[in-house]
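Quick notes on the structure that follows.
There are 2 protein chains.
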Amino acid sequence: MSLVLNKTETPSVPPETRTRILKVAQELGYQPNHPARMLRSARTMTFACVIPDITNPFYPGLVRGLQTVAAPAGYDVLIFDTDGRPDGEVRAIDWLLQGRADGVVATFFHLRVPQLAVLARKGIPLVRLESQHKPDGPLAIDSVYIDNAEAAAEMTRFLIARGHRRIAMIQAEFGPSQRRAQGYGAVMREAGLSPDFITDSAYSEESGARAMRRLLERKGDRPTAVFGASDVLALGAMEAARSAGLSIPNDIAIAGFDDIPVAKLLGLTTVRQPEFDLGALAAETLVKRLQAGGLEAPGRSHELKFEIMKRSSV
Amino acid sequence: MSLVLNKTETPSVPPETRTRILKVAQELGYQPNHPARMLRSARTMTFACVIPDITNPFYPGLVRGLQTVAAPAGYDVLIFDTDGRPDGEVRAIDWLLQGRADGVVATFFHLRVPQLAVLARKGIPLVRLESQHKPDGPLAIDSVYIDNAEAAAEMTRFLIARGHRRIAMIQAEFGPSQRRAQGYGAVMREAGLSPDFITDSAYSEESGARAMRRLLERKGDRPTAVFGASDVLALGAMEAARSAGLSIPNDIAIAGFDDIPVAKLLGLTTVRQPEFDLGALAAETLVKRLQAGGLEAPGRSHELKFEIMKRSSV
DNA sequence: CTGAAAGCGCTTACAG
DNA sequence: CTGAAAGCGCTTACAG
């Protein structure tokens, strides 16, 4: 019976038996119990998506990309928010070790491969959202990324080409902000300019606004352009600048990173990260890993292309 | 052993045995298998969140509110996107009937109580995100809502008080847009003005922009104010208006509904729905329902307060 | 106080 | 071709 219900083809069952079973199941409104299936088949048919915060507008698009590939392959998506904190990330790993998902797509700001290897050892493939290329590894840990350093470098070149000399970057303490800062710093130095970093804690509007206020309090060498290490930071900076009576881009130019959906509406010049495609690619990678023998392949790093979106804020 | 691992107090187990068990569990890095627990205890410790689309900025805040209450109570959150379509909603129900969640928070645009009653019959409590008060019912189906008709009425009164006479509303085909349209329509008629509805399909920027373009193509009686039945619709309308070279609010005023996070940044006048609190309240309701005897109580409707956010777009 | 045993609802290999 | 049986890893009631 199980056979008929689960497979579309059943050579060993005569058609009439097959239709009879299907009919009865239909009449009873039979739905197989998912927990029992999970236990018996040792497959949860679930992907976990471990991210800092679903309310950061970068992530819903990623989740959607994931779902779009996962659903047709029969996988559900569980969301786990870490708040970008070490304890949140550790809790995510413990939780995954309880066998809640067959595969994981994750953004870790703090944990490194040694701490993540437990998953691979348990046969749970992981796709990390990274900010740079990673060398192939022996474990079932893959990554998807855009070249964050090069993208930030290109944006910095654009700001310089627009005549800016005093360009500040608003950073966050952890996460992809670091690679972005490297790209920015390298280009600034090459051009004979001094990098000007200001770090507030998180990827939040409040952090961006706070950092901008500190920049504006400076006497004399105020920057003429501010590069937010993420769009959310840049939006906070825009708000703070406007509250201070400055006009964008006349008094101060602002650039961001991510191209979240509202960036377009606000005219924010930014780096486009294809979040939907990153999610979809991550899901495809997991689906392949979970096919027979898929766990043997070495861990790969997949690059997608970024794009500089030139809008009115610069 | 199970006893020790699961409870914080174990009167029948001597302390030394208890610590010994805990120590060994620690050393082995033992993590209980979640699917097996689910099956044995007939509890998934999961809440499902069934929504049209996680990329609509209204929903991440709702999800966060849900998680914030669910996590400390031991529940995970699964996201299911229906795309606001009837087949998506039907698939959500079938999926829930496989025993994937202990409780559900959902927005249904199409299904009504008769179709949802299967859940209650299976002992799965449901909290609906509604647009109006619902009478108490015998089933374990609760709801949380703000008074959408009254909120839209109040916004319409505000637009009239600002001197607008030709006020159009951009609607979506299904969902809460209907109650909002009622509130708007009633106030317009009371004031001796004619309601002016324009309906495009979905709650998307594209729909909002398309509707706005149709309004702008009109000869003569163009509206001086446009009320989007949701913020996403209003944002699309703003974009279309700007593309047409109009200035907001001088040439045309725009109002929305929801107060998604970007509304503030864009200066959009809108109705604030406390999405985080709605999610948190829904989760609390489910947690209570899942305590002993909780399923017996009649289905209740919980109201939260809206607020008119007056910003620069009007 | 503690160890062995039953059973949750499936899937899958096996006997008839 | 089809029905009965084992077993996934737990929890919980029960015997010793």
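Here the protein sequences come in this chain order: F and L.
Quick note: the first sequence uses the numbering used here, first residue 1, plus one each step.
Quick note: the second sequence uses the numbering used here, first residue 1001, plus one each step.
Glycine included, C-beta positions come from ideal geometry on N, C-alpha and C.
Please list the partners that residue i has in chain F, where partner means a Cβ-to-Cβ separation under 9 Å.
{"i": "residue 1290(L)", "result": "Simply none; closest approach about 16 Å."}
What is the residue span of the alpha helix (DSSP H) that residue i lies within?
{"i": "residue 158(F)", "result": "148-161"}
{"i": "residue 1063(L)", "result": "1058-1070"}
{"i": "residue 34(F)", "result": "34-41"}
{"i": "residue 1275(L)", "result": "1275-1289"}
{"i": "residue 188(F)", "result": "177-190"}
{"i": "residue 17(F)", "result": "15-28"}
{"i": "residue 91(F)", "result": "86-96"}
{"i": "residue 113(F)", "result": "113-121"}
{"i": "residue 1263(L)", "result": "1261-1266"}
Shorter than 8 Å from the beta carbon of residue i to some beta carbon of chain L?
{"i": "residue 262(F)", "result": "yes"}
{"i": "residue 54(F)", "result": "yes"}
Consider the Cβ of residue i: report whether some Cβ of chain F lies at a distance smaller than 8 Å.
{"i": "residue 1110(L)", "result": "no"}
{"i": "residue 1028(L)", "result": "no"}
{"i": "residue 1281(L)", "result": "no"}
{"i": "residue 1244(L)", "result": "no"}
{"i": "residue 1188(L)", "result": "no"}
Residue i touches chain L at which residues, Cβ-Cβ below 7 Å?
{"i": "residue 239(F)", "result": "1265"}
{"i": "residue 31(F)", "result": "1094, 1097 and 1098"}
Grab the span of the beta strand (DSSP E) containing residue i for me, first residue to last.
{"i": "residue 203(F)", "result": "Where residue 203(F) is concerned, there is no enclosing beta strand (DSSP E), given that its DSSP letter is neither H nor E."}
{"i": "residue 1236(L)", "result": "From DSSP, residue 1236(L) is part of no beta strand (DSSP E) but of the alpha helix (DSSP H) over 1231-1243."}
{"i": "residue 1078(L)", "result": "1076-1081"}
{"i": "residue 193(F)", "result": "Looking at the DSSP string, residue 193(F) is not in any beta strand (DSSP E), and its letter there is neither H nor E."}
{"i": "residue 1129(L)", "result": "1126-1130"}
{"i": "residue 47(F)", "result": "46-51"}
{"i": "residue 1106(L)", "result": "1103-1106"}
{"i": "residue 1228(L)", "result": "1225-1228"}
{"i": "residue 1307(L)", "result": "1307-1309"}
{"i": "residue 269(F)", "result": "269-272"}
{"i": "residue 1302(L)", "result": "1301-1303"}
Mind pulling the chain F residues with CB within less than 7 Å of residue i?
{"i": "residue 1235(L)", "result": "265"}
Interface positions of the region 57-82 of chain F facing chain L (Cβ-Cβ less than 7 Å), listed along the chain: The region 57-82 of chain F vs chain L, Cβ under 7 Å: 57, 60, 61, 63, 64, 67, 76, 77, 78, 79 and 81.
Residues of the region 93-109 of chain F whose Cβ lies closer than 7 Å to any Cβ of chain L, in chain order: Among the residues of the region 93-109 of chain F, those with a Cβ less than 7 Å away from any Cβ of chain L are 94, 97, 98, 99 and 100, in the order of the chain.
Meets three-Cβ-pair contact criterion under 8 Å: the region 72-83 of chain F and the region 42-61 of chain F: Under the three-pair Cβ rule at 8 Å, the region 72-83 of chain F counts as touching the region 42-61 of chain F.
The region 1033-1054 of chain L: positions lying closer than 7 Å to chain F by Cβ: The region 1033-1054 of chain L vs chain F, Cβ under 7 Å: 1033, 1034, 1035, 1036, 1038, 1039, 1044 and 1054.
May I ask you to verify whether the region 238-245 of chain F touches the region 160-175 of chain F, counting CB pairs closer than 8 Å and requiring at least 3? A contact between stretches requires three or more CB pairs, one per stretch, nearer than 8 Å, and the region 238-245 of chain F fails this requirement with the region 160-175 of chain F.
Is there contact here, the region 265-281 of chain F with the region 1256-1275 of chain L, by at least three beta-carbon pairs under 8 Å? With a cut-off of 8 Å on Cβ pairs, the region 265-281 of chain F is in contact with the region 1256-1275 of chain L, counting three or more such pairs.
Touching by the beta-carbon criterion (3+ pairs, under 8 Å), the region 97-108 of chain F and the region 1027-1036 of chain L: Yes, since at least three Cβ pairs between the region 97-108 of chain F and the region 1027-1036 of chain L fall closer than 8 Å, the two stretches touch.
Across the region 138-148 of chain F and the region 112-128 of chain F, are there enough close Cβ pairs to call them in contact, namely three or more that are closer than 8 Å? Short answer: they touch.
Does the contact criterion of 3 or more C-beta pairs under 8 Å hold for the region 292-304 of chain F versus the region 249-259 of chain F? Taking a cut-off of 8 Å for Cβ pairs, the region 292-304 of chain F and the region 249-259 of chain F do not touch, as fewer than three such pairs fall below it.
Between the region 77-84 of chain F and the region 48-56 of chain F, can you find at least three pairs of beta-carbon atoms closer than 8 Å? Result yes; three or more Cβ-Cβ pairs closer than 8 Å.
So does the region 284-292 of chain F actually touch the region 152-160 of chain F, counting three or more Cβ pairs closer than 8 Å? They do not touch, by the three-pair rule.
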